[in-house]
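In this note's numbering, the protein residues as written are 127 to 362.
Quick notes on the structure that follows.
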């Protein structure tokens with residue numbers, strides 16, 4: 127039987143030098159994702175309606191302490207569409223089935239985390255395979271987004287009001303200009319007709335005097351006035 131021997135021992139050393147860091151990196155990724163080689167974790171399911179804020183690897187914390195990771199997301203179609211996030215949590219952490227799972231951000235630019243909060247009145251211990259409800263916490267980022275949208279709306283409204291004010295001012299200036307032109311025209315008409323006013327008034331006075339004489343004569347001799355008018359027509 128032939129004995130196996132390496133032709134170049136340096137090749138073996140180079141291979142180990144490359145393989146060991148790769149194995150360490152794989153183990154680190156596995157542990158980071160919440161997997162455990164010693165079976166010291168439990169899988170708990172988080173029921174949520176929207177998975178936009180959660181992904182594989184999302185941290186699970188208890189009072190700021192890292193206790194696990196989300197390792198899987200899957201949809202459930204009955205009785206209505208919702209999602210189950212598999213949370214791989216350290217087994218030695220004391221959690222209870224009536225605990226609360228809040229989905230929130232650590233800060234404005236931070237990643238989403240799932241914060242587990244135990245109740246004041248403790249129930250039964252949380253076991254492998256249990257399901258808890260997830261609550262989406264209204265965070266500062268959402269509030270700032272709403273404020274930013276509101277400020278944009280106010281800015282657009284101010285710009286529109288400014289444009290309307292400029293347009294209204296131009297309309298008022300045009301109206302005043304037309305009014306000044308109209309007043310000037312009326313003054314011109316009055317100035318032109320001023321010299322004719324005395325003659326017009328004298329004519330009106332003469333007409334009024336004649337009307338008074340006719341009314342007086344008709345009142346004193348109505349029959350004679352009518353006969354006089356008829357006689358004048360026959361003479362014509």
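No residue lacks a Cβ here, since even glycine has one placed at the ideal position from N, Cα and C.
Being a predicted model, the structure only gives us computed values, none of them experimental.
Discussion item. Run through the DSSP bridge pairs and tell me what residue 181 is partnered with.
Written reply: Residue 181 is not bridged to any residue.
Worksheet entry | residue 141, DSSP secondary structure in three states | The answer is helix: DSSP assigns residue 141 an H, G or I state.
Practice prompt. Keeping to the same chain, check which residues put their C-beta closer than 8 Å to that of residue 199; ignore five residues upstream and five downstream.
Written response: By the criterion of a C-beta distance shorter than 8 Å, residue 199 is surrounded in its chain by 177, 180, 181, 182, 209, 210, 211 and 212, once the five residues flanking it on both sides are discounted.
Worksheet item: How many Å lie between residue 243 and residue 206 at the Cα?
Response: Taken atom to atom, the span from the alpha-carbon of residue 243 to that of residue 206 is near 27 Å.
Worksheet entry | Beta bridge counterpart(s) of residue 262 as assigned by DSSP | Partner(s): 229.
Fill in: residue 216 - containing beta strand (DSSP E), residue span
It spans 208-216 - the beta strand (DSSP E) in which residue 216 sits, taken as one unbroken run.
Fill in: Residue range of the unbroken beta strand (DSSP E) whose run includes residue 194
Looking at the DSSP string, the run of the beta strand (DSSP E) that includes residue 194 is 191-202.
Worksheet item: Below 8 Å between beta carbons: does that hold for residue 245 and residue 224?
Response: Yes.
Discussion item. Can you give me the C-alpha to C-alpha distance between residue 127 and residue 142, rounded to a whole angstrom?
Written reply: For residue 127, the predicted model reports a pLDDT of 49, less than 50, meaning its position is unreliable; a value from the coordinates is still stated below. Take the alpha-carbon of residue 127 and the one of residue 142: they are about 27 Å apart.
Discussion item. Please tell me whether residue 152 has its Cβ less than 8 Å away from any Cβ of chain C.
Written reply: The chain labelled as chain C is not found in the depicted structure, where only one protein chain is given.
Practice prompt. Please report the Cβ distance between residue 188 and residue 258, rounded to the nearest whole angstrom; I am assuming they are in contact, meaning their Cβ atoms lie under 8 Å.
Written response: Rounded, the Cβ-Cβ distance is 13 Å, inconsistent with contact.
Discussion item. For residue 149 and residue 139, I'd like the C-alpha separation in whole angstroms.
Written reply: The C-alpha of residue 139 is placed about 15 Å away from the C-alpha of residue 149.
Discussion item. For residue 193, which residues in the same chain have their Cβ closer than 6 Å to its Cβ, ignoring the five residues on either side in sequence?
Written reply: Excluding residues within five positions, the ones whose Cβ falls inside 6 Å are 186, 215, 216 and 219.
Worksheet entry | Closest residue to residue 191 among 241, 166, 340 and 237 (Cα-Cα distance) | Checked all of 241, 166, 340 and 237; the closest Cα to residue 191 is 241.
Fill in: Spatial distance of residue 147 from residue 247 (CA atoms)
Near 47 Å, if we compare the C-alpha coordinates of residue 247 and residue 147.
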